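Every letter in the sequence shown is one number past the one before it in the working numbering, and letter 146, counting from 1, is 146.
Think of the CB as a built atom: it goes at the ideal place given N, C-alpha and C, for glycine as much as any other residue.
Quantities reported herein were computed from a predicted structural model and do not represent experimental measurements.
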Amino acid sequence: MKLLPIVLFLFSCIHSSRGFKEVHYSIPKGNKVLFIHLSNFGISDSYSEAKEINLLILDELEQSGFQVVLGDLVTEESLSSIGDSDHLEVFQNKLKEFTPSEKPRIQIWLEQAEKIGASDLVLLRHSANLEFKSKSLRMFWIRISKKEIIRLDWPFDLKEPLPFREKLLEFQGGK
């Protein structure tokens, strides 16, 4: 009876190893990029699918040599660095300092990028074309030092999540 779980485990390993894929690439040493997803996951029916697409794109960016920092982690990190002080008090003070109408979102993201030393800011937005049942992505690649925004639009394809990888490599001087 004790052998049954071991046999099942071995069978599952053997069975799943057929789909095994191994990818080798260098540890990212290129430009540091702040990645912000603009998808409204709170009301999305395809939350997990959008997150999976984000992860595929993050993998592609890292395989291209970019050091990717998630925007969610930057804000969580700044909140966790508060320490033992009263979080409610800190939050109230931040609200007093800032009202949303005073500062554009892009300025907030640029400040976050500057705070972590990122040379680029990437904004990714998902959109679904219900008429054609397809998904398209829009990426705003902001090159902070050059003060320029490059907009990239493409239909999402699982086989090639980031079809313009060569273009991105130009942003960091090639690979």
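Cβ neighbour criterion (16 or more within 10 Å) applied to residue i
i: L212; result: Given a span of 1 to 175 for the chain in the structure shown, any question on residue 212 remains unanswerable.
i: S145; result: exposed
i: L162; result: buried
i: D157; result: exposed
i: F35; result: buried
Three-state class that DSSP yields for residue i in the structure shown
i: L70; result: strand
i: F171; result: helix
i: D59; result: helix
i: S48; result: helix
i: I53; result: helix
i: K32; result: strand
i: L124; result: strand
i: E77; result: In this predicted model, E77 has a pLDDT of only 46, less than 50, meaning its place in the structure is not dependable enough to derive any value.
Cα-Cα separation, residue i to residue j
i: Q63; j: A118; result: 18 Å
i: V122; j: V23; result: 24 Å
i: P28; j: A113; result: 18 Å
i: K135; j: E166; result: 22 Å
i: I53; j: I106; result: 23 Å
Worksheet item: Where in the region 130-169 do unbroken runs of the alpha helix (DSSP H), each at least 4 residues long, occur, reported from the N-terminal end onward?
Response: none
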